[in-house]
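First comes the structure, then the notes that go with it.
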Ligand SMILES: Nc1ncnc2c1ncn2[C@@H]1O[C@H](COP(=O)(O)OP(=O)(O)OP(=O)(O)O)[C@@H](O)[C@H]1O
Ligand SMILES: Nc1ncnc2c1ncn2[C@@H]1O[C@H](COP(=O)(O)OP(=O)(O)OP(=O)(O)O)[C@@H](O)[C@H]1O
Ligand SMILES: [Mg+2]
Ligand SMILES: [Mg+2]
């Protein structure tokens, strides 16, 4: 359902060129649960942004659900992003002036889900992320870092996407909260959700079915997790 | 050098009251290196913000370098914050429109350090944080999450503060980068820097001399780390 062929990403800042991805090949099957590990700066977020249609490669091919994304119109790309993908950002990217409830329901509004149904789905998504209903009318700045992270996770899963892309979704969570999130991811995966998860935490990576190791913009290794 | 006596912090959002800290007592001696662990939402960032003079307690006493901070004038508080404290924020709080170099040198400009001296100190601080000189003219948004975190760490230590307050400083770092940061913290501590570090990572907490465990706004335990 995700296919990357010889994907390159070279950022240009003034006269400086930073090759963030240097020929990445990756195939993710429908229903797979894979994780990507690697040093800081090795290209993980860049890779996830390209898979998530938030960025275009400098070179190479990206296919999503069988379609070459460089052939998609602007409207088609927006459709894919709204209906197929759920994204947990490394910096959360919550909307500061909206309440928690309004933040989580954004993907549902994009799909025209009626109000009464939205609240039910928001409450369920927040609970699956390990969050608490008492947060719903708060603003993101009135939550702790780990609470904000769980709101971001709830937003990513509320619309029942095809593919979940999660960039270090447990970085601000204690062991117990991280465990709730990983159990939710595994439950959703067993019901068909495809998951690509970026993490620095080996215990989190071990919850996936396959670990890809990236270094300096290329995938150097692919292995089975160590089941504990 | 830091003393908290029966510190309470109650946030009020409309009619809702959230007790974030409920009677915290803490004594940190000069040159100590302590860490604070606890579940997400337990009050760690709130505690650090109060120690760092970024917030006032609802009740209770905070003493810094022997002075009751509620008796300090606005100018004195600003002086303390600029000269005594270095702060690594959980969300980094880098200034987006400034370059990395300009971000790191902010504490030095506040102290009137001349330009030529500033560049030398910035380069040294960034190297100690495990960063790279190639980042200096970039903007924060052109760096990866873990790179931004190391810039925030460099900014916190560049001015040779008395006390370093670090809120989950390795949350976005791989093992190797986290190790560089912790070795720098230990080196600075052995030269007299007092460190209060908030973390979810037991391996990071084990680098400190004493671990305080907080839950629901109170410190429930204080223990020696498990040396590995
Ligand atoms: N500005 C605010 N207004 C209302 N409630 C707040 C505010 N800031 C924090 N809180 C609440 O206070 C409690 C403690 O928050 P704090 O940020 O100190 O937690 P934390 O231990 O740092 O958590 P984390 O590990 O997730 O970063 C949480 O329940 C949070 O929702
Ligand atoms: N907008 C940009 N302009 C220039 N360089 C960039 C930009 N975004 C990222 N980079 C560079 O591309 C490289 C890869 O960045 P990326 O964010 O993908 O790393 P990462 O693996 O997610 O790291 P981390 O674990 O720290 O989050 C880094 O060297 C970074 O400095
Ligand atoms: Mg990243
Ligand atoms: Mg916090």
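Chains as they are written, first to last, in this note's numbering: chain A, 1 to 228; chain B, 1001 to 1228. Backbone N, C-alpha and C define an ideal beta-carbon position, used for all residues, glycine too.
In the DSSP annotation of this structure, the continuous segment of the beta strand (DSSP E) that includes residue 220(A) starts and ends at 218-223. Relative to the Cα of residue 1183(B), the nearest Cα in the group 1064(B), 1153(B), 1114(B) and 1212(B) belongs to 1153(B). At a cut-off of 9 Å, the C-beta of residue 1009(B) has no neighbouring C-beta in chain A. Within the DSSP secondary-structure output, residue 1068(B) pairs in a beta bridge with 1063(B). Residue-level contact check: residue 1106(B) does not touch chain A, since none of the beta carbons of chain A fall below 9 Å from its beta carbon. In the displayed model, residue 1171(B) falls within coil according to three-state DSSP, outside both helix and strand.
Residue 11(A): not part of any alpha helix (DSSP H); member of the beta strand (DSSP E) spanning 2-13, first to last residue. Contact of residue 57(A) with chain B is not assigned, every C-beta pair being separated by 9 Å or more. Distances from the CA of residue 1177(B) to each of 1156(B), 1129(B) and 1206(B) were compared; the closest alpha carbon is that of 1129(B).
For residue 153(A), the shortest C-beta to heavy atom distance toward ligand 2 is 8 Å or greater. For residue 1103(B), the secondary structure class from DSSP, reduced to helix, strand or coil, is helix. In this structure, the CA atom of residue 41(A) is about 20 Å from the CA atom of residue 1089(B).
Look at residue 104(A): its beta carbon is at least 8 Å from all of the heavy atoms in ligand 1.
For residue 68(A), the closest of 37(A), 83(A) and 50(A) by C-alpha to C-alpha distance is 50(A).
When CB distances to chain A are screened at a threshold of 9 Å, the residues of the stretch 1121-1141 of chain B falling below it are 1130, 1132, 1134, 1137, 1138 and 1139, in chain order. Nearest C-alpha to residue 1208(B) among 1003(B), 1035(B), 1024(B) and 1023(B): 1035(B).
Cβ atoms of residue 107(A) and residue 82(A) come within 8 Å of each other, at about 7 Å. 1047(B) is the residue among 1188(B), 1171(B) and 1047(B) whose C-alpha sits nearest the C-alpha of residue 1002(B). In this structure, the alpha-carbon of residue 123(A) lies about 44 Å from that of residue 1105(B). For residue 1080(B), no beta strand (DSSP E) run applies; the uninterrupted alpha helix (DSSP H) run containing it begins and ends at 1074-1083, by DSSP. When the Cα atoms are used, residue 197(A) and residue 1060(B) turn out to be separated by approximately 43 Å. DSSP places residue 94(A) outside both helix and strand once states are collapsed to three, so it counts as coil. Contact of residue 1013(B) with chain A by beta-carbon distance below 7 Å involves 138 and 142. The criterion of a C-beta distance shorter than 9 Å is not satisfied by residue 217(A) and residue 158(A). With the criterion set as a beta carbon lying under 9 Å from some beta carbon of chain A, the members of the stretch 1038-1057 of chain B are 1038, 1039, 1040, 1041, 1042, 1043, 1044, 1045 and 1046, in sequence order. Residue 1180(B) carries a helical assignment under DSSP once its states are collapsed to helix, strand and coil. Look at residue 1046(B) here: in three-state DSSP terms it is helix.
Considering only beta carbons, the part of the stretch 1176-1194 of chain B lying closer than 7 Å to chain A consists of 1176 and 1177, in chain order.
DSSP lists no bridge partner for residue 203(A). In this structure, residue 26(A) sits near residue 212(A), with a CB-CB distance shorter than 9 Å.
Across the set 63(A), 77(A), 175(A) and 132(A), the C-alpha of 175(A) shows the shortest separation from the C-alpha of residue 203(A). Contact annotation: residue 1007(B) and residue 1024(B) have beta-carbon atoms nearer than 9 Å.
Beyond the five residues adjoining it in sequence on each side, residue 206(A) comes within less than 8 Å, by CB distance, of 225, 226, 227 and 228 in the same chain, given in chain order.
Look at residue 119(A): its C-beta is not under 9 Å from any C-beta on chain B. Residue 1018(B) belongs to the set of residues whose beta carbon lies under 9 Å from a beta carbon in chain A.
Contacts between residue 1217(B) and chain A, judged by CB atoms closer than 9 Å, are missing: the closest CB pair is about 12 Å apart.
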